[in-house]
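Residue numbers (our numbering): 12 to 136.
Structure below.
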């Protein structure tokens, strides 16, 4: 009879591998974050151009998930300009300026590539 005894655990090795995996995923998300900002900037309707150059992204890690948040810092009198361009807005004279769906068509190809790459990684395991 053969008996194998093992003392300790692999927590340090497992922790290290998890950290490496997290860094690899963050660099991939960073790539898509930059692509998303470029797509949003080029699709943003231009007036002064300030809204188009105000796109940025943040990568957030929370509860075992990683999220890319695309944001726009152009705010005028408390109003996020990117949002009113997307959805429309009322005027001071009681009129309505129709919005233009520019965010979804610009960012959808980025989301599609993220899904495609994630699916490829999962199926190659």
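For each residue, glycine too, the CB sits at the ideal point set by N, CA and C.
Within-8 Å CB hit, residue i to chain B
i          : result
residue 79 : Absence of chain B from the displayed structure is noted, only one protein chain being present.
Nearest to residue i (by Cα), restricted to the options the options
i           : options    : result
residue 120 : 64, 43, 22 : 43
residue 86  : 64, 76, 78 : 64
residue 52  : 41, 66, 45 : 66
Contacting residues, own chain, Cβ-Cβ under 8 Å from residue i (five flanking each side not counted)
i           : result
residue 100 : 90, 107, 108, 110
residue 41  : 70
Outcome for residue i when other beta-carbon atoms lying within 10 angstroms are tallied against a minimum of 16
i           : result
residue 57  : exposed
residue 118 : buried
residue 55  : buried
residue 47  : buried
residue 50  : buried
Close beta carbons around residue i, own chain, < 6 Å, minus the five adjacent residues each side
i           : result
residue 93  : 62, 83
residue 114 : 97
- Considering only residues of the segment 29 to 75, which uninterrupted beta strand (DSSP E) runs meet the minimum length of 3 residues and lie entirely inside it, listed in chain order? 66 to 73
- Quick one: complete beta strand (DSSP E) runs, 3+ long, within the segment 73 to 111? Here the runs fully enclosed are 76 to 83, 99 to 101, 107 to 109.
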